[in-house]
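Residue numbers (our numbering), protein chains in the order written: chain C, 25 to 186; chain A, 25 to 186; chain Y, 7 to 515; chain W, 7 to 515.
Read through the structure below, which is laid out as structure tokens, and then see the notes.
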């Protein structure tokens, strides 16, 4: 089986031969074995090296952790369309910023319609007795912004940058 | 809500009032609270006393563990019939003895058709390099017995006593 | 011996106290807010009583409700833990009024040492050196500016009622004073309901080193060595160790004896900690007294072999200290890190939520004092500390290596934690050499967060690709998540089977 | 320092060795049979290689495959753990042939001490007292009967190649000899491929006390105190502690020095254990030498503060012992119990299977050396030991109280374990008084199994009824098991909601 994927922005071409327990990544052939330890947790052996890897769905792709490394991964799987699974590669474009936890908007630092830079502070949310600034993930136009004083639930949209 | 149950052979009449967080067991009223910690594991507070209790299905009833105490429980729930759940109370009658683990029958100690006593050895199974004797759970007639030399899977019937 | 102890706290410290009770054969009684019904401290205690809604002010901070619970359960003692009401003299007063032994100092000693200015007067009487500064609250900005000019900048503004870095501001030059004055006062008012602040000279690169003391009701007071807590983020300790890599036997004796003098002067009883700043020339300056058990008490336990919570209980029960100063022997080295549900990469944003999986490290030299479990939802209402991971070894190098190893074993999913950051700190060359000061981590943090990966990228990427692919294609995954059989199998083998199915000319499901 | 170590073992001891490697910065290489692909030792090692099918004879006992793996991985050393090939001199010979350092004694010392008769000759030369008996294998039943008559009954038949109680039979009187001879010989033949047995006088109620020794390649040999292992079931140790409650400083010195004499006489290197029987008058008798790391090594580590596995690695790497006899200080008390997947109530029937949930105890003084995790399936092919739980304290009472507390915290579902049995043993008055001998548990077991509950029945029954009812009625349970939200909620509240629904006149699903 052969397929292409994108990992932390870089394209990789992967071929795997399960019968021979081999995987070839960008032409490098390795002896491979994997065991699922629990849902989303894998023990991977690659040419004898042992890795603990966790995988979870994240923004249309996968968030994969190995040791203290984190990877964002998108798989271009022609068959995935048949299965109705998402193989989306939207890294740019419209970005929704959601509340990572329940909290209260204590200050807004920008105005909808404004041009914002990547990293610019958009609002301050208070949760667990700590104030935290939420920044823009990209340069663009601020389309929507939560209102000062509002209480938000985890997952609620705080801002949209296009 | 009111119902009857049998616990380690003894009948108990239980009434519970979830609105007032009260439970009455055989006329003794207690303040009660329960939290499910994980599937089958409960934190129980009874008049302030804290208990960790685990529950699993076992032979048509429930096997309940609290501290180092084990209880076999059967609930007579009229509604359970509607749901198709089992509220069976068969404690006597035909007993099937199943292999608790994969192993090999290294010796048989009785013959089908024979009268056996409760506690009498029926066969010896070897597993994990240890030999273990399987005894009759009741007095009665030995109806079926696995054959010497046979390999058995976990859950396979080793003997039937009626 | 006391018979039944109300634990007026939650989380890991409540679990810690319940464990000590269990080992002593003393009954433990937990209290819980509505947010904590399923918390570990409720599960491990012998009894548990509800004390109100989630906000602390309506539950854990309500002395009346605690007294109610203690009466209902028939407790003869109360342990306050740390935080919440642990340093509020009204709690021991209420205990006394209800005939309950308070496991801590007298309300008078607590009050005396709780006020920074009173504590400084006491330290002066006991001949304990202090950082030059004023002892009284400062009236207004003008006075603050005048005093700072006299002491010489940089200076530190500190809350009279303070602790934990709240209401504290560094002022480098005269121009920064007005803003710092405003911020410190208002932060102190918000945090403690008392906006008064005072001023000290700011020491360059000082270490935070503290002395653990124990005092019984029979006049015996001892010190149990020191803890170095210089690794702090915004004045909050994050790593503590004992002994200090900077310590000498002479300095330990001087600091220990100063701490004991101070405790005697205050007629202090039970466990307490005298905090000092230590400069590069090994001069030490009194900072404050924490009139309670500290978060970091386990490192002292591991080097002394003593159980501080049990000793607290014995002292409160009227027993004499079972040893004298000369019997206390320090062996090896211990180090602790505080595990938080937070995301260091995202500005230490708290990360409450449900713990999906949890692997607790153990093995030689490892101790985990935690208050959580898999399936537990870390509540948003309280401090997001999950617990403390502590390692002991023959020497500092071994203790650090063990802590690093345990942090690598520690695995938690569902929430983010600061565990990986600690691995980076422990590998930092300055940390390894013990070249620490209280602002070290604040200065070092950007570098530690940006770089300092411990896993080789290329190999990790290959492994990530393989795991990601298998996860993506895993047809059996949904079944597995249902826990139908629980049998762990080679995902690779399973995939091989699936591939075979794909190749065979069967109709697709 | 060695650079890369092949761990020729599985389970908790392989994990233990991998942890030591990680802390030393040495790379660890695991090997695994087909049944162990998902085992913890594979996951925690830096590298892992398959060595064959599940049966040990085709995998862990295959020296050729171990050497293959070591060569492939580029290992410069091998640690055998305990069990499997740990006492087979062919393994160090193969290592030598492949230029790999064996972390253990020389094959010559192993061979010498592995034969009980050669070891007894050695002990005689070293002036170490022995139980009266013969030193040579006995030819036939007639000789056995004659020698037993001379020594006086009761006598003990023991396998020459033996260990762990296999091929051992107590013979109380002449009439029992023919059956015992047959059983011991055939059991020895089955277990070790060597049916030869010898004979000793049987001591009444002896204690099993053993001395841990360490010897480097530079002539330094030390003893690290003793371990009392008198709590045994059918000659298998189940609880071990250090110091022995029976020990005196004089006896420790005599036994320690005897063990060191014996080790020197055998030109022994690395870690080893000299086992003794001790009678009521504190006479000690040489039993045998275990030429490897013991299961119970952690109790010695906790009282000495040393890491035996790291010291083994350093010694094998050619380093000198970093301390002398007089530097070894014993502090406090440590006790270990061996956790098995077995059902004590059902004749200790092994209970392999999948671990559904697993709560590892921790906190003050607790160490868990385990080799399993939630979701792991304990394989049927090997010894069902899950790991070891170890507790340390200031004294025996505190160590025992902590172990008991930790056992109560230990929770595992999906398989049965012997954890509750240990709680009963630890609460037994004879155990508490330290009145132990090697057959103590075998004699005491029926009582301990039948009675000795620690939980009050009435209250436990009420709690069981409530939990059982909620479980029975829980409508949301199926959803919960799917892990849909993971939110822990009050089952009681949920049930209240359900009841409300039941009452309202809605159509049922």
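Cβ coordinates follow ideal geometry from the N, Cα and C atoms, glycine included.
Please read these numbers as outputs of a predicted model, since none were measured by experiment.
Here DSSP, grouped into helix, strand and coil, assigns residue 329(W) to coil.
Interface annotation, residue 170(C): not in contact with chain Y, CB-CB separation never under 8 Å. Across the structure, residue 163(Y) and residue 175(Y) are spaced so that their CA atoms are roughly 5 Å apart. In the structure shown, residue 41(A) adopts extended strand secondary structure according to DSSP, grouped into three states. Assigned with DSSP and collapsed to three states, residue 81(W) falls in coil, not helix or strand.
In the three-state reduction of the DSSP assignment, residue 118(C) falls in the coil class, being assigned neither a helical nor a strand state.
Membership of residue 227(W) in any alpha helix (DSSP H) is not indicated; the residue belongs instead to the beta strand (DSSP E) covering 227 to 239.
For residue 87(A), no chain Y residue has a C-beta closer than 8 Å to its own C-beta; the minimum C-beta separation is roughly 18 Å. Rounded to whole angstroms, the separation of the alpha carbons of residue 345(Y) and residue 167(W) is 51 Å.
Residue 241(Y) is not a Cβ neighbour of residue 326(Y), given a cutoff of 8 Å. Within the model, the alpha-carbon separation for residue 130(A) versus residue 394(W) is close to 31 Å. Going by beta carbons, residue 151(Y) and residue 183(Y) fall inside the 8 Å limit. At a cut-off of 8 Å between beta-carbon atoms, residue 19(Y) makes no contact with chain W.
Residue nearest to residue 204(Y) within the set 262(Y), 198(Y), 165(Y) and 365(Y) is 165(Y) (criterion: CA-CA distance). Residues are counted here when their Cβ sits less than 8 Å from a Cβ of chain Y; for the region 121 to 153 of chain A the count is zero. Within the same chain, Cβ atoms closer than 7 Å to the Cβ of residue 27(C) are found at 38, 99, 100 and 101, the five residues on either side in sequence being excluded. Beta-carbon to beta-carbon, residue 477(Y) and residue 122(C) are separated by about 23 Å, too far to satisfy the 8 Å threshold. Contacts between residue 73(A) and chain Y, judged by CB atoms closer than 9 Å, involve 52, 53 and 54 in chain order.
Per DSSP, reduced to three states, the secondary structure at residue 458(Y) is coil, with no helix or strand assignment. For residue 145(Y), the closest of 44(Y), 191(Y) and 321(Y) by C-alpha to C-alpha distance is 191(Y). Taking C-beta separations shorter than 7 Å and ignoring five residues to either side along the sequence, the partners of residue 414(Y) in its chain run 429, following chain order.
Distance from the Cα of residue 10(W) is smallest, within the candidate group 16(W), 17(W) and 24(W), for 24(W).
For residue 113(Y), the three-state secondary structure derived from DSSP is helix.
With its beta carbon at least 8 Å from every one in chain W, residue 80(C) lies outside the interface. Closer than 9 Å at the C-beta level to chain C, one finds no residue of the region 343 to 363 of chain W. In chain Y, no part has a C-beta under 8 Å from the C-beta of residue 127(W); the shortest such distance is about 37 Å.
Taking 8 Å as the CB threshold, residue 37(A) stays off the interface with chain Y.
For residue 171(A), same chain residues with a beta-carbon under 8 Å away, outside a window of 5 residues either side, are 129 and 132 in chain order.
Here residue 21(Y) has 46, 47, 50, 375, 376 and 377 as same chain residues with Cβ atoms under 8 Å from its own Cβ, once five neighbours each way along the sequence are excluded.
Taking a Cβ-Cβ cut-off of 8 Å, the neighbours of residue 93(A) in chain W comprise 459, 461, 463, 466, 467 and 470, given in sequence order. Against chain C, the CB of residue 87(W) has no partner CB under 8 Å away; the residue lies outside that interface. Pairing residue 232(W) with residue 216(W) gives a Cβ-Cβ distance under 8 Å. When DSSP assignments are scanned along the region 346 to 377 of chain W, the uninterrupted stretches of beta strand (DSSP E) that are 3 or more residues long and fall wholly within it turn out to be 363 to 365 and 372 to 376. For residue 306(W), the enclosing alpha helix (DSSP H) has its first and last residue at 303 to 310. For the region 373 to 385 of chain W, the residues whose beta carbon sits under 8 Å from a beta carbon of chain Y are, in order, 373, 374, 375, 376, 379, 380, 381, 382 and 383. Proximity to residue 372(Y) across 397(W), 82(W), 392(W) and 214(W) peaks at 397(W), based on C-alpha coordinates.
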